[in-house]
Structures are given as C-alpha cells and as structure tokens.
Amino acid sequence: MARREELKGKVAIVTGASSGVGWQSALRLAEEGVKLCVTARRREALEVLQKEVEARGGECLVVPGDVTVAGDVRWVVSACLQRYGRIDILVNDAAVQTYGYFDQLPWEHIQRTLEVSCLGYLRFAHAVLPHFRERGSGHILNVQSMLSEGAAPLLSAYVAAKHATLGWAKALKLELHGTGIQVSNVLVPSVSTPMFDHAPTQFERKPVPVPPTYDVDLAARAVVKCARKPGRTEIPAFLQGTMLLWMDRVAPFVGNLILGRYGRRMQQAREPLHRPDGNLFQPVSQGVGAYGSVPPTPGWKRFTAVAGLAALAGGAVLGARGLARAVR
Ligand SMILES: NC(=O)c1ccc[n+]([C@@H]2O[C@H](COP(=O)([O-])OP(=O)(O)OC[C@H]3O[C@@H](n4cnc5c(N)ncnc54)[C@H](OP(=O)(O)O)[C@@H]3O)[C@@H](O)[C@H]2O)c1
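Per the working numbering, the sequence shown runs over residues 226 to 553.
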C-alpha cells in the first residue's frame, strides 16, 4: 500500500501552471505547504498565480519556459534547485490539443501536439531524474486524461500523445522500482478549464469538452491526493472515470456507438469561431486562471446520465448473453 507523505515543506515544479489544472493544482499544493516553482510560456499569468499563492502565505517561484525547448526545461530545473536546494515533486501538466479530422489536420499541428503533450512530459522527467536518483527519492506526477485510456474523434493527435505518455509512465514506474522514486498518474475527465478557449480548431465552431464536464478542482484535489500517496493511478470521477472504464470492458460497443455517431457534435458549440492555430505554437492571451468559459455540468444531469448509461450497458450485456444462449 502507498505510504502517506507529509507535504509541508516539499518542493514541487508545476508545468502548465498559467491556466486550468496546473493553476488549480499549484494553489491546492500551496495550501498544503508545498513550495512551488511554476512554469508555462505566459509570464504575466504566472505572476498573477504567484501573487495569489503569496497572498495565502505560500512560496512561489516563477520561471517561464516552453516545454519543447531543452534549454528552457533545464533552466526551470536549475532555477528551482538554486532557489530551494531540492525538488521533491514534478507535476507534469502542460499540454495542448488540436481539433480536426486526422487527415485534415496540418502535419505541424500533429507534430507540435505530440512534442508538447507527450515529449514535454518526458523532457521534464529526464531533466529532474538525475537529481531524484542522487537523492534516492522524488515523485513524477503526471496529469493524464481519460483519453490516455480511451478515445474521442477530432482529437487524434492529442489522444496519441496521451496514450503514449501513459505507456511511458508505466514503463518508467517499472524501471524505477526499488529506487525510492515514484511515478503517479491522474486520469482527468473533462474539466472546466480554459483549454477550450485557446485550443486550435479546423472547424468554424467553438470546441467544448466531451460531456459531462467536472469542476477543475476535482482534478486538482486528485493531484494533491497523489502527491500525498505517491505511486498510484488516480481516477477522480465516477461517470467519466470508473464507470466509463468498466463499460469499455463489458460493453465497448456502447461508447463506440455514442462517440462514433455523436462525438463530433458533442465537442462543438453552436458559437461560430475562427481559430486555426490557437495556442499551439504561440501562447495567447485568452484563458488565464483555473476556470474557462465552459461551466461544469450540473450534478443532476450527471446522475441522469449514470442511470441511462448503466441501463444501456446492462441491457446490451443481457441482450448479448441471451443471443449467445439462443445460438448455442
Ligand atoms: N480540460 C480538460 O477537460 C482535460 C481533460 C483531461 C485531461 N486534461 C489534462 O490536463 C492538463 C492541463 O490541461 P488544462 O485543461 O488545464 O488546459 P489549459 O488550461 O490549456 O492548460 C495548459 C497549460 O499548458 C501550458 N502550455 C501549453 N503549451 C506549452 C508549451 N509549449 N510550453 C509550456 N507550457 C505550455 C499552457 O500555458 P502557456 O500557454 O502559458 O504556455 C497552460 O498553462 C493537460 O495535461 C490535459 O491533457 C484536461
């Protein structure tokens, strides 16, 4: 069983901290007494976060950088070591996504999505591991997605990046067995972050998350839980989490049917929008802070969806069993 760690006084680097899950996780970790080194490309946004952390009595070092630039990543790690003398936790969070049919996505979008959302994680881990090995302890905590296990249309490059990152994290965990260095993953469901306010899209409509959407704090609390009990894979949501993974095992055709048929419609609002590059190559001003423009789905709607999906999956499984018996 995972050991419970005291977080007060620990030092964490949080990537992707200028918005969304990274921002909220940084705030929650600071509340636990963790000293922060926050990074992303937008310095001004990070400085707003720094003020918020300091106003609550926390410590926060701002080191802007791009996760695709080796020199930037090395600089973040060394600036953190210079300031605090140690690193205990790396929260790998920075990611981008790009909406479009795979064959209609510009190749540069596919490559950049993998460079940020997958290689960015590997690059940061590669940079902190020598320090962790020297100390015989440390924690690589990866913000993953339900799309690290499953899939959604229009997000093929992002799904590829997320699957690859989870596979890498599992292999790394095995390699680090017995070294005192832990690897954890948080499988985040759709959450109410600014990701959808700055992601590029090939369609002329505003992108929105696959419903239901949860409060971003659900993901941040899961990050803190993992920080306290390293080495686990945390699935913070029931409907778009435990239940979906279970359904994917017992009745995969239900998810395939719903997402295959309605996935494109589900991920686009009526609101017209022209945003072909979004924040992929350059940071944009939209979307600072934890919350974006898409609100969390109300609890009663989530409850109705659980009941509906459970009935659908149960009916489908019973139907399939009946059919198998009749054929025998
Ligand atoms: N929102 C969801 O529904 C959802 C669902 C499942 C998983 N997740 C995961 O949660 C994590 C955070 O996503 P989010 O929803 O919080 O999105 P977000 O608000 O767009 O945050 C992404 C962060 O990554 C940073 N970033 C992007 N490109 C970068 C680059 N090249 N170098 C350095 N930093 C870069 C962004 O800041 P700058 O632009 O300032 O660089 C931003 O701080 C991601 O790993 C995502 O896969 C999100």
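We put the CB at the ideal spot given by N, CA and C, even for glycine.
- A distance criterion of 7 Å places the beta-carbon of Lys-450 beyond contact range of ligand 1, judged by its closest non-hydrogen atom.
- In this chain, the alpha helix (DSSP H) harbouring Leu-391 covers 381 to 400.
- In the pairwise beta carbon analysis, the segment 496 to 506 is classified as not touching the segment 451 to 462: fewer than three pairs are separated by under 8 Å.
- It is roughly 19 Å from the alpha-carbon of Ala-352 to the alpha-carbon of Ala-389.
- A Cβ-Cβ separation of about 19 Å leaves Ala-270 out of contact with Asn-317 under the 8 Å criterion.
- In the three-state scheme derived from DSSP, where H, G and I count as helix and E and B as strand, Thr-529 is classed as helix.
- Under the three-state reduction of DSSP, Leu-347 is assigned to helix.
- Cβ contact annotation for Tyr-346 (same chain, cutoff 7 Å, sequence separation greater than five): Asn-317, Asn-367 and Thr-390, in chain order.
- A buried status is given to His-334, since no fewer than 16 other beta-carbon atoms sit within 10 Å of its beta-carbon.
- When the five nearest sequence neighbours on each side are left out, the beta carbons in the same chain lying within less than 8 Å of the beta carbon of Gln-329 are those of Gln-427, in order along the chain.
- Judged by DSSP secondary structure, Val-435 falls outside any beta strand (DSSP E); it is assigned neither H nor E.
- Between the segment 468 to 477 and the segment 444 to 451 there are fewer than three inter-stretch CB-CB distances shorter than 8 Å, so the stretches are not counted as touching.
- Taking a C-beta distance under 8 Å as the contact criterion, Ala-515 and Gln-249 qualify as a contact pair.
- Residues Pro-289 of the same chain have their beta carbon placed closer than 6 Å to that of Arg-268, with the five preceding and five following residues left out of the count.
- For Thr-264, the enclosing beta strand (DSSP E) stretches over residues 260 to 264.
- Counting only residues of its own chain and dropping the five nearest sequence neighbours on each side, Pro-434 has a CB closer than 7 Å to the CB of Ser-415, Phe-421 and Val-519.
- Only residues of its own chain outside the window of five on either side were considered, and among them Gly-503, Asn-504, Val-509, Gln-511 and Gly-512 have a CB closer than 7 Å to the CB of His-423, listed in chain order.
- At a Cβ-Cβ threshold of 8 Å, Ala-242 and Leu-274 count as neighbours.
- In the DSSP secondary-structure assignment, Gln-407 is bridged to His-364.
- The closest heavy atom of ligand 1 lies less than 7 Å from the beta carbon of Val-413.
- Excluding its 5 nearest sequence neighbours in each direction, Phe-327 has C-beta neighbours in its own chain below 7 Å: Ser-381, listed in chain order.
- In the displayed model, Thr-293 falls within coil according to three-state DSSP, outside both helix and strand.
- If you draw a 10 Å sphere on the C-beta of Glu-279, you find fewer than 16 other C-beta atoms in it, and that means exposed.
- At least one heavy atom of ligand 1 falls within 7 Å of the beta-carbon of Pro-434.
- In this structure His-356 does not touch Glu-429 by the C-beta definition: roughly 47 Å separates them, more than the 8 Å allowed.
- Checking the 7 Å criterion, the Cβ of His-334 is out of range of every heavy atom belonging to ligand 1.
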